[in-house]
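Engineer: I'd like to ask some things about the structure below.
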Amino acid sequence: SLVQGSKLEVPLWLAKGLHDSRRRVISVEPPKIYKEAWRMVFSADANVVDLHKMGPYYYGFGSQLLNFDNPENPEIAQTTFISRFRRIMDSSQNAYNEDTSALVARMDELERALFRAGQKGLNDFQSWEKGQASQITASSLVQNYGKRKFTDMDG
Amino acid sequence: LFQGDLGPFNPGLPVEVPVWLAINLKQRQKCRLIPPEWMDVEKLEEIREQERKEDTFTPMPSPYYMELTKLLLNYASDNIPKADEIRTLVKDTWDTRIAKLRLSADSFVRQQEAHAKLDNLTLMEINTTGTFLTQALDHMYKLRTNLQPGESAHSQDF
Numbered sequence: 001s002l003v004q005g006s007k008l009e010v011p012l013w014l015a016k017g018l019h020d021s022r023r024r025v026i027s028v029e030p031p032k033i034y035k036e037a038w039r040m041v042f043s044a045d046a047n048v049v050d051l052h053k054m055g056p057y058y059y060g061f062g063s064q065l066l067n068f069d070n071p072e073n074p075e076i077a078q079t080t081f082i083s084r085f086r087r088i089m090d091s092s093q094n095a096y097n098e099d100t101s102a103l104v105a106r107m108d109e110l111e112r113a114l115f116r117a118g119q120k121g122l123n124d125f126q127s128w129e130k131g132q133a134s135q136i137t138a139s140s141l142v143q144n145y146g147k148r149k150f151t152d153m154d155g
Numbered sequence: 001l002f003q004g005d006l007g008p009f010n011p012g013l014p015v016e017v018p019v020w021l022a023i024n025l026k027q028r029q030k031c032r033l034i035p036p037e038w039m040d041v042e043k044l045e046e047i048r049e050q051e052r053k054e055d056t057f058t059p060m061p062s063p064y065y066m067e068l069t070k071l072l073l074n075y076a077s078d079n080i081p082k083a084d085e086i087r088t089l090v091k092d093t094w095d096t097r098i099a100k101l102r103l104s105a106d107s108f109v110r111q112q113e114a115h116a117k118l119d120n121l122t123l124m125e126i127n128t129t130g131t132f133l134t135q136a137l138d139h140m141y142k143l144r145t146n147l148q149p150g151e152s153a154h155s156q157d158f
């Protein structure tokens with residue numbers, strides 16, 4: 001049993017389950033990266049922040065936090081995304097195969113998924129340009145079957 | 001399957017056929033291809049200039065300008081005057097259009113637009129950046145709707 005007013009770290013799912021703004025069983029304090037001090041860092045230059053280190057699901061988690069009617073709502077997530085968007089787009093559609101791993105390392109999971117989508121668009125275009133789109137290749141499903149000789153077949 | 005008639009094929013007289021047939025006949029060395037009217041250095045230079053000048057997308061002479069350029073230059077470059085210049089001009093125009101598309105994407109995100117409309121894009125351009133753009137705008141939408149004051153009972157799934 002808990003003493004009223006004690007502070008605990010709990011997983012998000014538990015906090016959500018316990019939260020009820022009418023009965024005020026608990027109040028939730030967001031992790032520090034969503035708070036005021038970090039906002040200064042983000043607004044200085046959101047591009048340099050290592051979002052992966054902050055918690056790989058920065059945006060997802062931030063959205064979940066909005067459930068708790070906390071006055072310090074992390075709308076910083078939106079501003080952060082807006083500032084970082086350009087760089088994610090440019091690097092994912094970068095045609096020069098430069099090493100983007102350093103940049104991707106600092107992205108959270110959502111940004112990484114976006115990055116991959118951009119890369120795929122670019123790669124598909126390049127493969128079309130090279131004429132690979134019209135080459136017929138064996139399906140990976142059948143590549144492992146041994147080829148049967150015509151004489152071996154029945155009939 | 002659909003079918004139809006083509007021709008009549010008279011030696012020396014130009015006839016219109018579907019692109020796939022033209023390419024096929026050309027590969028079999030049975031014909032000479034006549035490039036479309038827009039596949040011409042002066043015309044393409046005009047288009048390239050307009051694309052560079054304007055903020056909006058120039059209507060292209062063909063919704064398949066990339067595909068046609070690639071096909072014709074690959075299989076029938078001997079029938080196309082100044083083929084190398086044509087290739088460069090089309091590529092330059094494409095590059096400008098894609099750059100504009102990215103600028104538009106960035107400004108949609110910055111201004112948190114709820115609707116995006118871009119005229120005169122061809123499918124090729126849309127497919128190259130489309131997945132990325134729609135995913136990014138979806139994300140913005142979620143971030144935006146999450147911020148609206150909501151009942152605490154709502155669970156925002158990400």
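Respectively, the protein sequence lines represent chains U and V.
Residue 1 is where the first sequence starts when you use the UniProt record's numbering, and the numbers rise one by one after that.
Residue 1 is where the second sequence starts when you use the UniProt record's numbering, and the numbers rise one by one after that.
Beta carbons are placed, not taken as given, at the ideal position from N, Cα and C, and that holds for glycine.
#1: Determine the contact status of Leu-101 of chain V and Ile-23 of chain V, defining contact as a CB-CB distance below 8 Å.
#2: Tell me the rounded alpha-carbon separation between Ile-136 of chain U and Val-142 of chain U.
#3: For a contact meaning CB atoms closer than 7 Å, what does Ile-82 of chain U contact in chain V?
#4: Should the stretch 67-85 of chain V be regarded as contacting the stretch 127-140 of chain V, the criterion being three or more beta carbon pairs within less than 8 Å?
#5: Put residue 195 of chain U into one of helix, strand or coil per three-state DSSP.
#6: Can you pull the chain V residues whose beta carbon is under 9 Å from the beta carbon of Met-89 of chain U, in chain order?
#7: Is it buried or exposed, Ala-105 of chain U, if we count other Cβ atoms within 10 angstroms and call 16 or more buried?
#8: May I have the straight-line CA-CA distance separating Thr-69 of chain V from Leu-103 of chain U, to the nearest angstrom?
#9: Quick check on the burial criterion: 16 or more other C-beta atoms within 10 angstroms. Buried or exposed for Tyr-145 of chain U?
#10: Taking C-beta to C-beta, are Ala-46 of chain U and Arg-86 of chain U nearer than 8 Å?
#11: Using 10 angstroms around the beta-carbon of Thr-58 of chain V, count the other beta-carbons present and answer buried if the total reaches 16, otherwise exposed.
#12: For residue 159 of chain V, which residues from the same chain have a beta carbon less than 7 Å from its beta carbon, with the 5 sequence-adjacent residues on both sides left out?
#13: Let me see if you follow: with CB-CB separation under 8 Å, is Ser-101 of chain U close to chain V or not?
#14: Specify the secondary structure class of Ala-105 of chain V as computed by DSSP and reduced to three states.
#15: Once you ignore the five residues that flank Val-17 of chain V on each side, which residues in its own chain have a CB closer than 7 Å to its CB?
Structural biologist: Put simply:
#1: Using a Cβ distance threshold of 8 Å, Leu-101 of chain V and Ile-23 of chain V do not count as a contacting pair.
#2: Going from the Cα of Ile-136 of chain U to the Cα of Val-142 of chain U covers about 13 Å.
#3: Residues of chain V with a Cβ closer than 7 Å to the Cβ of Ile-82 of chain U are, in chain order, Val-109, Arg-110.
#4: These segments do not touch.
#5: Here chain U covers residues 1 to 155 and nothing more, so residue 195 of chain U does not appear.
#6: Close partners of Met-89 of chain U in chain V (Cβ separation under 9 Å): Arg-102, Ala-105, Asp-106, Val-109, Thr-129, Phe-132, Leu-133, Ala-136.
#7: Counting Cβ neighbours within 10 Å, Ala-105 of chain U comes out exposed, since fewer than 16 surround it.
#8: Taken atom to atom, the span from the alpha-carbon of Thr-69 of chain V to that of Leu-103 of chain U is near 35 Å.
#9: With fewer than 16 Cβ atoms within 10 Å of its Cβ, Tyr-145 of chain U is classed as exposed.
#10: Going by C-beta atoms, Ala-46 of chain U is not nearer than 8 Å to Arg-86 of chain U.
#11: Buried, by the Cβ-count rule.
#12: The first residue shown for chain V is 1 and the last is 158, placing residue 159 of chain V beyond what the model contains.
#13: Under the Cβ criterion of 8 Å, Ser-101 of chain U is not counted among the residues facing chain V.
#14: Helix at Ala-105 of chain V.
#15: The beta carbon of Val-17 of chain V sits closer than 7 Å to those of Leu-6, all from its chain and outside the five residues before and after it, given in chain order.
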